[in-house]
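Here the sequence shown is numbered in the working numbering, starting from 555 and rising by one per residue.
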Amino acid sequence: MRKETIVGITGNETVIGAGVRVKGNLTSEHDMIIDGSLVGNIKTKGAITIGVNGIIKGNLVARDASVSGMLEGDIKATNNVSIMETGRVRGNVSCSDLAITTGAIFMGTSVMAIPESHTEPIAEATTDSLEA
């Protein structure tokens, strides 16, 4: 069995492990896993996972975001944002699907963006359909 199968890392992810400190902006085409500390913004076409030891002071732009650590900054995701039980977010969130687990802390505002697949016009109700 390959090691990456065991730990769930395929080789395309950027991983900042516990105890690592980074200052500066990060950009990636792939998923990012942050379990250390970062002062700066992150932009990726993939998903961002902030582990329980992760501390970020900066804004995130991604396809999906999962927060189990601490984030002081805004999140803009095209799909899902999950704030897990140990997660702490102080900032604004914009996404199409937001999940906040019991025990999580979210201090900010959220804007639910409508995915393009749900932008079809809604047919107007008529009184004829109610008179059946």
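Backbone N, C-alpha and C define an ideal beta-carbon position, used for all residues, glycine too.
Just the C-alpha distance for Ala653 and Val621, rounded to the nearest angstrom, thanks.
Spanning the two alpha carbons is a distance of roughly 10 Å.
Classification of Gly590 by the beta-carbon crowding that lies within 10 angstroms, buried from 16 upward:
buried
Measuring CA to CA, which of Val606, Thr581, Gly662 and Thr663 is closest to Gly623?
Val606
Indicate the three-state DSSP secondary structure (helix, strand or coil) for Ser664 in the structure shown.
Strand, per DSSP.
Suppose you measure from the CA of Glu626 to the CA of Gly594; what does that come to, to the nearest Å?
10 Å
Within 10 angstroms of its Cβ, does Ile602 collect 16 or more other Cβ (buried), or is it exposed?
buried
Less than 6 Å between C-beta atoms, sequence neighbours within five positions excluded: which residues of the same chain meet that for Ile637?
Val621, Val643, Ile654, Ala658 and Phe660
Assuming Val569 and Ile587 are in contact, meaning their beta carbons sit under 8 Å apart, how far apart are those beta carbons, in whole angstroms?
5 Å
Along the chain, where does the beta strand (DSSP E) that runs through Val606 open and close?
From DSSP, Val606 is part of no beta strand (DSSP E); its letter is neither H nor E.
Straight-line CA distance for Ala599 to Asn646?
Per the sequence shown, the amino acid found at residue 599 is Lys instead of Ala. Roughly 19 Å separates the two Cα atoms.
Can you look up Asp618 in the DSSP assignment and give me helix, strand or coil?
It is a strand residue.
In chain order, what residues of the same chain have a beta carbon less than 6 Å from the beta carbon of Ser582, not counting five sequence neighbours either side?
Hits under 6 Å: Thr568 and Thr598.
May I have the straight-line CA-CA distance separating Cys649 from Ala616, to the nearest angstrom?
10 Å
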